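A.B. asks: To start, I am sharing the structure in question, which I have written as structure tokens.
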Amino acid sequence: MPITIKNDREIAAMRAAGDVVSLVHERLQAAIEPGITPLDLDSIARDVIYGAGATSNFFGHHGFPGHICASVNERIVHGIPDGRPLQDGDIISVDVGAIVDGFHGDSAWTYAVGTVEPAVSRLLVDTEAALMEGIARAVPGNRLGAIGAAVEAFGLARGYGIVKGYGGHGIGRSMWEDPHIPNHGDPRKGPVLRKGMTLAIEPMFNLGAAGTLVGGDQWTVSTADGSWSAHFEHTIAVTDAGDGSPEILTPRRAAVIH
Ligand code: MG
Ligand code: MG
22 MPITIKNDRE
32 IAAMRAAGDV
42 VSLVHERLQA
52 AIEPGITPLD
62 LDSIARDVIY
72 GAGATSNFFG
82 HHGFPGHICA
92 SVNERIVHGI
102 PDGRPLQDGD
112 IISVDVGAIV
122 DGFHGDSAWT
132 YAVGTVEPAV
142 SRLLVDTEAA
152 LMEGIARAVP
162 GNRLGAIGAA
172 VEAFGLARGY
182 GIVKGYGGHG
192 IGRSMWEDPH
202 IPNHGDPRKG
212 PVLRKGMTLA
222 IEPMFNLGAA
232 GTLVGGDQWT
242 VSTADGSWSA
252 HFEHTIAVTD
262 AGDGSPEILT
272 PRRAAVIH
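Structural data, given as structure tokens:
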């Protein structure tokens with residue numbers, strides 16, 4: 022399937038979906054503390070999404086039972102929200118999606134629960150920074166591989182395991198459109214980026230090795246070595262406005278201190 026180019030009206034609809042996703046993250050950020058459970062967070066997200074007149078794009082997708090993905094500590098992505106209370110020092114990646122007027126928004130953030138170890142705090146800071154490095158390459162004329170190459174170089178320089186096999190994607194009328202956006206690559210390869218492409222960019226870094234495994238629930242992806250992992254994601258639009266910077270369609274409503 023070719024990469025779809027969105028017009029201004031379609032990007033406005035994606036901005037609206039992204040606004041709902043951002044609102045969910047603001048509420049979750051305020052709620053995350055020791056003792057709360059991923060199922061509690063799922064309820065908060067559900068209420069915000071439906072309260073805003075949107076729908077969740079995760080719930081029921083291939084039978085997924087949550088409105089968010091909640092991936093704690095060594096879990097990387099696609100964790101099913103469960104009833105285990107979060108503990109001081111944990112981290113939790115929350116992946117949030119919403120649909121407004123048929124268009125999708127998608128953003129994941131990894132939050133510290135209480136006070137985390139310094140190396141874990143660095144992992145969060147660095148994975149968020151890698152996301153911004155990748156986004157900065159999403160400009161007209163660059164090849165798609167420039168995004169993954171930037172993410173990979175940033176992570177490798179800091180000694181992280183770079184998750185392969187899972188990554189970003191085109192997004193729009195579907196949650197997952199072409200192209201797949203790996204977190205590694207060659208800046209000379211891939212399609213040339215154009216104004217109106219809308220992409221979800223989502224680095225995943227492990228404190229240990231890069232290997233992954235899928236859990237017995239057939240959903241949860243964890244690190245093979247049990248090391249902790251972080252995941253940050255924004256939905257962006259490639260623009261030709263001003264300095265050429267991409268527009269982040271799922272902007273943070275509140276700063277996060279890792
Ligand atoms: Mg996501
Ligand atoms: Mg995504």
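Residue numbers for the sequence shown follow this note's numbering, so the first one is 22 and each next one is one higher. Cβ atoms here follow ideal geometry from the backbone N, Cα and C, with glycine treated the same way. Note that the coordinates shown come from a computational prediction; the quantities given were computed from them, not determined experimentally.
Quick one: is V235 buried, meaning 16 or more other Cβ sit within 10 Å of its Cβ, or exposed?
C.D. replies: It counts as exposed.
A.B. asks: Report all residues for which the CB-ligand distance to some heavy atom of ligand 2 is below 5 angstroms; order them along the chain.
C.D. replies: Every residue passing the under-5 angstroms Cβ criterion appears here: D127, A221.
A.B. asks: Based on Cα-Cα distance, which residue from G166, F253, G189, K185 lies nearest to A231?
C.D. replies: Nearest C-alpha to A231: K185.
A.B. asks: Less than 7 angstroms between the CB of A129 and some heavy atom of ligand 1, yes or no?
C.D. replies: Yes - ligand 1 has a heavy atom lying nearer than 7 angstroms to the Cβ of A129.
A.B. asks: Among residues of its own chain, excluding the 5 on either side of H205, which ones have a beta-carbon nearer than 8 angstroms to its beta-carbon?
C.D. replies: Within the same chain, H205 has close Cβ partners G169, A170, V172, E173, I183, K185.
A.B. asks: DSSP beta-bridge partners for G191?
C.D. replies: Per DSSP, E198, L220.
A.B. asks: Please state if the CB of V98 and the CB of Y181 are separated by a distance shorter than 8 angstroms.
C.D. replies: No.
A.B. asks: To the nearest angstrom, report how far apart T241 and L145 are at their CA atoms.
C.D. replies: Taking the straight line joining both Cα atoms gives about 20 angstroms.
A.B. asks: With distances taken from CA atoms, which of G72, A119, P106, V213 is nearest I53?
C.D. replies: The shortest Cα separation from I53 among G72, A119, P106, V213 belongs to P106.
A.B. asks: Using the three-state DSSP reduction, which class does Y132 fall into: helix, strand or coil?
C.D. replies: Note: Y132 maps to strand in three-state DSSP.
A.B. asks: Going by beta carbon distance, what residues of the same chain come within less than 7 angstroms of R36, once the five residues before and after it are set aside?
C.D. replies: Excluding sequence neighbours, R36 sits near L270.
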